[in-house]
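Just so you know, we're using this note's numbering here: the sequence shown kicks off at 2 and counts up by one.
We treat Cβ as the ideally placed atom computed from N, Cα and C, and that holds for glycine.
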Amino acid sequence: MISADGIAKLYSGGNGGVRGIDLDVKAGEFFTLLGPSGCGKTTTMRMIAGLVRPDAGDIALAGRPVSSAGAGLFVPPAKRGIGMVFQSYAIWPHLSVAQNVAYPLRVRKMRKAAIRAKVMTALEMVDLAEMADRPSPLLSGGQQQRVALARALVAEPSVLLLDEPLSNLDAALRQRMRGWLKDLQRELGVTTLYVTHDQQEALAMSDRIAVMRDGRVVQAGDPLEVYLRPRNRFAAEFTGTTNLVECGIAGGAAPAGVAEVDAGFGRPVRAWAGDAVRGDKALLSIRPEAIELVADGNVSDQDVFAGQVVHRTLLGNVTEYVVRIGTQQLRVSAGTSDAPDLDATVTLRLRAERCMLLPHDDPEAATSDPATEPALTGDAR
Numbered sequence: 002m003i004s005a006d007g008i009a010k011l012y013s014g015g016n017g018g019v020r021g022i023d024l025d026v027k028a029g030e031f032f033t034l035l036g037p038s039g040c041g042k043t044t045t046m047r048m049i050a051g052l053v054r055p056d057a058g059d060i061a062l063a064g065r066p067v068s069s070a071g072a073g074l075f076v077p078p079a080k081r082g083i084g085m086v087f088q089s090y091a092i093w094p095h096l097s098v099a100q101n102v103a104y105p106l107r108v109r110k111m112r113k114a115a116i117r118a119k120v121m122t123a124l125e126m127v128d129l130a131e132m133a134d135r136p137s138p139l140l141s142g143g144q145q146q147r148v149a150l151a152r153a154l155v156a157e158p159s160v161l162l163l164d165e166p167l168s169n170l171d172a173a174l175r176q177r178m179r180g181w182l183k184d185l186q187r188e189l190g191v192t193t194l195y196v197t198h199d200q201q202e203a204l205a206m207s208d209r210i211a212v213m214r215d216g217r218v219v220q221a222g223d224p225l226e227v228y229l230r231p232r233n234r235f236a237a238e239f240t241g242t243t244n245l246v247e248c249g250i251a252g253g254a255a256p257a258g259v260a261e262v263d264a265g266f267g268r269p270v271r272a273w274a275g276d277a278v279r280g281d282k283a284l285l286s287i288r289p290e291a292i293e294l295v296a297d298g299n300v301s302d303q304d305v306f307a308g309q310v311v312h313r314t315l316l317g318n319v320t321e322y323v324v325r326i327g328t329q330q331l332r333v334s335a336g337t338s339d340a341p342d343l344d345a346t347v348t349l350r351l352r353a354e355r356c357m358l359l360p361h362d363d364p365e366a367a368t369s370d371p372a373t374e375p376a377l378t379g380d381a382r
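Spelled out as C-alpha cells, the structure:
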C-alpha cells in the first residue's frame, strides 16, 4: 500500500534529512516510524505525503507511483488520496467542529448535503457527533485531536498519516487515546503510517515498527521481535530500558545460536547470539524484567547467580532493584510483594534466550560517505 524505494532528502551542510530508506507498508497495517528528534522520521512522512520533494528514490501509494526523482514525477499532496494529522492539529479557531471537518470536502466543491452527511459520519467515528456545532476554542486537547482525525478521515483516504498526534496530550489521556485510536484504525482497516519518539506508544499500537537513527532505518519488524531481539545498541536502548555489559566471547566469535560469554559475573553466562557476533568482544543486553528473582535457586546451576541488592525503587506494582553480581551491577524489575531488603543476598536466574549479544562496535554509527549521498538541496530546514 505504501512503497518507498531508496528515498532520500539531504539539507545544506549534509545535516539531518533522510539518507536512503526503503519501506513496504501492507494494506490495513499500522506501521510506526520510531526514533529521536532529528532522525528523519517526520521528513520521511512528509515525503510520502508530498509535502517534501525527495532528492532520490521512488514512492508509490496503492500501487500508483506518486514520486520518482529519477523520472521527474511528483504528484501533489491533494491528488495522493491521503489523510494527515499533524502534531499541532491545525484546528481553525474561527470555525465550528463541523466546519473544520468539512474543509477538505469544501475544497473539492461537493454539495452541501453530501458534505453534511460525510461530516456527521466522520464525527460519529470519533464520538463527537453531538459537538458538531460547537466552537473549536471550547474543545479540550483530546477533543481537538479527534476533530483533526475526523478531518483526515472525512474524504475516505486510502492512507492515513499521523505525525505524533498524541504528544500534546497529558499522560493519562495519551494512554487512553492509544487504545481508542488503534481500535478505530483496526475497525476502519485504513493503512496507517505513524510517527513517534515514544517507544511505549510504538510498542502498544503498531503492527510493525521501523527504528530510525540519523536518517536511516536501523531495524524493522514486529514490535515484540524488535524489543526482544534488538540488532544493535541503539535499537536496544531506544526501545526500552536494558542492561548493557561489555563481555568477552569464548573462542573469539559467537556462533549463531547460544554462546558462553564472560560478563564479569564470576563465571560464564549463556547468551543468544542471533546471526553471530564477529570478534572477541560484544555487548550483553538484558532487559530488567527478563532477570528472574528466585527464592530457592541453586547458584551452582547454569544461569543462576547470587547477588546483593544495593538499591531499590518502588514503582507501584513493580519494584526496580540494582543488584551487584560479581563486578557488575544489573537493574532488575520484579513484583513488589515480598520485596527483598537493601543489602539482602538474592538469587537471580538469567535465561539464555533473554540475554542478547550485540555487536561491540555499532556499524550504524559509522559516518556516511558523501560520495554515495544524493545531491544536497538548498533547503536547510
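query: Could you spell out the range, first to last residue, of the alpha helix (DSSP H) harbouring Q144?; result: G142 to L154
query: Hey, out of G51, D59, I92 and I250, whose CA is closest to P77's CA?; result: G51
query: Among residues of its own chain, excluding the 5 on either side of D25, which ones have a beta-carbon nearer than 7 Å to its beta-carbon?; result: S4
query: Per the DSSP calculation, T348 is bridged to which residue(s)?; result: V295 and A307
query: In its own chain, which residues sit with a C-beta less than 8 Å from the C-beta of N169, not counting the 5 before and 5 after it?; result: Q88, S89, Y90, G142 and Q146
query: Find out if the Cβ-Cβ distance for the pair V262, G249 is shorter than 8 Å.; result: yes
query: Pair every Cβ in the segment 222-234 with every Cβ in the segment 42-59, then say whether three or more of these pairs are closer than 8 Å.; result: no
query: Run through DSSP, which three-state label would V127 get?; result: coil
query: According to the Cβ coordinates, are A353 and A291 closer than 8 Å?; result: no
query: Look at the alpha carbon of M357 and the alpha carbon of E226, and state the distance between them as a whole number of angstroms.; result: 12 Å
query: Going by the C-beta, is M85 closer than 7 Å to any heavy atom of the ligand MG?; result: The ligand MG is not among the ligands present in this structure, which contains no ligands whatsoever.
query: Going by alpha carbons, who is nearest to G36 out of G327, P360, I210 and D344?; result: I210
query: Looking at the strands, I want to know which residues DSSP matches up with S68.; result: I60 and F75
query: Please classify W273: does DSSP put it in a helix, a strand, or coil?; result: strand
query: Using only CA atoms, which one of V311, Q329, L316 and G317 lies nearest to V323?; result: V311
query: Enumerate in chain order the residues of its own chain whose CB-to-CB distance from S159 is below 6 Å, with the five nearest sequence positions on each side excluded.; result: A63 and G82
query: Reducing DSSP to helix, strand and coil, say where S97 ends up.; result: strand
query: Would you tell me roughly how many angstroms separate the C-alpha atoms of L331 and A264, rounded to the nearest one?; result: 11 Å
query: Could you pull out every residue in the same chain whose Cβ sits closer than 7 Å to the Cβ of K42, ignoring the five residues on either side in sequence?; result: L34, G36, V196 and M213
query: By the three-class DSSP mapping on this structure, what secondary structure does R3 have?; result: Before going further, note that residue 3 is Ile rather than Arg in the sequence given. Of the three classes helix, strand and coil, the one that applies to I3 here is strand, per DSSP.
query: What does DSSP give as the partner residues of M85 in its beta bridges?; result: L162
query: Which residue wins for smallest C-alpha separation from V191, given the options Q176, A70, D208 and D199?; result: D208
query: Which residue marks the beginning of the alpha helix (DSSP H) containing M46, and which one marks its end?; result: K42 to A50
query: At which residues does the alpha helix (DSSP H) containing M178 begin and terminate?; result: A172 to L189
query: Indicate whether M111 and A151 have their beta-carbon atoms separated by less than 8 Å.; result: no
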